[in-house]
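Every letter in the sequence shown is one number past the one before it in my numbering, and letter 297, counting from 1, is 307. Each residue gets a CB set at the ideal place from its N, CA and C atoms; glycine is no exception. Here is the structure we will look at, set down as structure tokens.
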Amino acid sequence: MVSMASSLTFQPVLERIAEDMERRPGRGRAADYIPALAAFDARRFGMAVAELDGTVYGVGEWRQPFSAQSITKVFTLALGLAREGDELWEHVGREPSGNPFNSLVQLEYENGIPRNPFINAGALVVTDRLHTRTGHAADTLLDFLRAESGNPDLTFDQGVADSETAHGDRNAALAHFMASYGNVDNPVPVLLDQYFRQCSIEASCADLALATGFLARHGVRADGTRLLTRSQAKQINAAMLTCGTYDAAGDFAHRVGLPGKSGVGGGIIAVVPGRCTLCVWSPGLDERGNSVAGVAALDLFTTLTGLSVF
Ligand code: GLU
Numbered sequence: 011m012v013s014m015a016s017s018l019t020f021q022p023v024l025e026r027i028a029e030d031m032e033r034r035p036g037r038g039r040a041a042d043y044i045p046a047l048a049a050f051d052a053r054r055f056g057m058a059v060a061e062l063d064g065t066v067y068g069v070g071e072w073r074q075p076f077s078a079q080s081i082t083k084v085f086t087l088a089l090g091l092a093r094e095g096d097e098l099w100e101h102v103g104r105e106p107s108g109n110p111f112n113s114l115v116q117l118e119y120e121n122g123i124p125r126n127p128f129i130n131a132g133a134l135v136v137t138d139r140l141h142t143r144t145g146h147a148a149d150t151l152l153d154f155l156r157a158e159s160g161n162p163d164l165t166f167d168q169g170v171a172d173s174e175t176a177h178g179d180r181n182a183a184l185a186h187f188m189a190s191y192g193n194v195d196n197p198v199p200v201l202l203d204q205y206f207r208q209c210s211i212e213a214s215c216a217d218l219a220l221a222t223g224f225l226a227r228h229g230v231r232a233d234g235t236r237l238l239t240r241s242q243a244k245q246i247n248a249a250m251l252t253c254g255t256y257d258a259a260g261d262f263a264h265r266v267g268l269p270g271k272s273g274v275g276g277g278i279i280a281v282v283p284g285r286c287t288l289c290v291w292s293p294g295l296d297e298r299g300n301s302v303a304g305v306a307a308l309d310l311f312t313t314l315t316g317l318s319v320f
């Protein structure tokens with residue numbers, strides 16, 4: 011185990027992880043159900059660690075922007091919870107679904123209330139409610155990410171958003187279905203536009219590690235103001251641990267032992283509460299939708315440093 015007495019020791023750990031990843035053969039396949047994501051080479055790799063004070067360490071392509079996709083669901087949940095409080099949990103649950111992220115089946119049995127905020131149905135509800143409260147969910151999210159990362163250049167990738175809109179039948183079905191139960195406020199096309207923009211945000215490992223910092227600071231933003239109560243920050247970390255990595259959250263907790271959230275763009279964010287945040291990117295996905303090298307790198311990080319919640 012590497013001593014973490016000094017923050018400077020993160021850089022050698024990251025370099026060791028990158029060397030290890032370089033030697034590994036299989037890397038999965040980039041997501042192809044969103045055509046704009048399919049072109050990425052599965053072997054690309056970057057990783058960043060951000061300390062609570064905003065110091066960032068990185069290796070590989072840690073400054074390369076990629077499609078954040080479902081990682082954004084963590085931030086919309088935080089922004090929604092900050093505005094709405096506990097009432098949000100009456101419209102979306104907090105149990106693992108045991109089904110694929112875009113599944114429709116459970117929704118009918120459970121009267122249009124999605125199992126958790128990280129499956130697509132749950133994220134659609136969160137975005138819908140945030141949109142009602144802010145007038146523009148996706149812009150609210152982008153402003154937040156720019157502020158927390160300190161990167162004013164973060165933006166939407168309109169090509170990815172258009173590609174998702176063109177292939178968005180399943181998300182449209184989820185939204186219409188929940189609307190039939192009264193669990194969507196805005197017109198479905200408006201909601202889908204907000205949701206696809208949200209998913210299309212491009213950010214780097216450095217940006218996303220920094221933007222996740224409020225979860226390691228128990229709800230406090232980069233500028234020292236409070237976004238969430240300590241209890242709400244705990245709720246989000248708990249949802250990430252139990253539901254954040256598709257239908258493989260048990261395996262992720264077993265291997266990595268940290269709250270984490272993945273996206274089909276190949277990114278994964280993770281939180282060491284009270285200590286640091288991480289983001290890793292490698293576009294090759296396993297059959298559950300998690301980055302193969304991303305999970306392996308986080309696994310190695312917690313093994314080498316002993317920094318896990320367990
Ligand atoms: N925009 C993607 C979708 O809704 C997000 C999927 C993901 O990253 O899990 O299908």
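Beta-carbon proximity check, residue i vs residue j, cutoff 8 Å
i	j	result
D296	V266	no
T137	Y67	no
I278	A78	no
A280	R73	no
G223	E120	no
P45	H177	yes
G304	S292	yes
A52	G64	no
L151	Q208	yes
D195	T252	no
Beta-carbon proximity list for residue i, same chain, < 7 Å, skipping 5 on both sides
i	result
D30	L310
V23	V12, F311, L314, T315
L89	L140, T150, L151, F154
Spatial distance of residue i from residue j (CA atoms)
i	j	result
N109	A131	12 Å
A49	A60	29 Å
L238	I246	10 Å
A171	N181	13 Å
R322	A221	Shown here, the chain extends from 11 to 320; a query on residue 322 therefore has no answer.
S190	V200	16 Å
V230	G56	26 Å
T235	P283	18 Å
S318	L225	14 Å
G70	E100	42 Å
Cβ separation of residue i and residue j, assumed to be a contact under 8 Å, to the nearest whole Å
i	j	result
L218	C289	4 Å
V102	V135	5 Å
G95	N193	Between N193 and G95 the Cβ distance is about 18 Å, and since that is not below 8 Å, they are no contact.
L1	A147	Residue numbering for the chain in the displayed model covers 11 to 320; residue 1 lies beyond these limits and cannot be assessed.
S80	G273	4 Å
P106	A259	6 Å
A40	G294	6 Å
A249	F111	Contact flag wrong, Cβ pair sits at about 14 Å.
V198	A185	5 Å
Beta-carbon contacts of residue i that lie in its chain and below 6 Å, excluding the five residues immediately before and after
i	result
A15	With a pLDDT of only 41 at A15, under the threshold of 50, the placement of this residue in the model should not be trusted; the figure read from the coordinates follows. Result list for A15: empty, nothing under 6 Å.
G299	Y256, V274
S17	The predicted model places S17 with a pLDDT of 47, which falls under 50 and marks its position as unreliable, so this point remains unresolved.
K271	I81, V84, M250, G254, I279
Same chain only: Cβ atoms within 8 Å of residue i, ignoring 5 sequence neighbours per side
i	result
F320	G267
Next item on the list: Would you list, in sequence order, the uninterrupted beta strand (DSSP E) runs of no fewer than 3 residues that lie entirely inside the stretch 245 to 279?
Entry: 270 to 272
Can you list, in chain order, the stretches of the alpha helix (DSSP H) that have 4 or more residues and sit fully within the stretch 178 to 246?
With a minimum length of 4 residues, the continuous alpha helix (DSSP H) runs that stay inside the stretch 178 to 246 are 179 to 190, 198 to 210, 215 to 221, 223 to 226.
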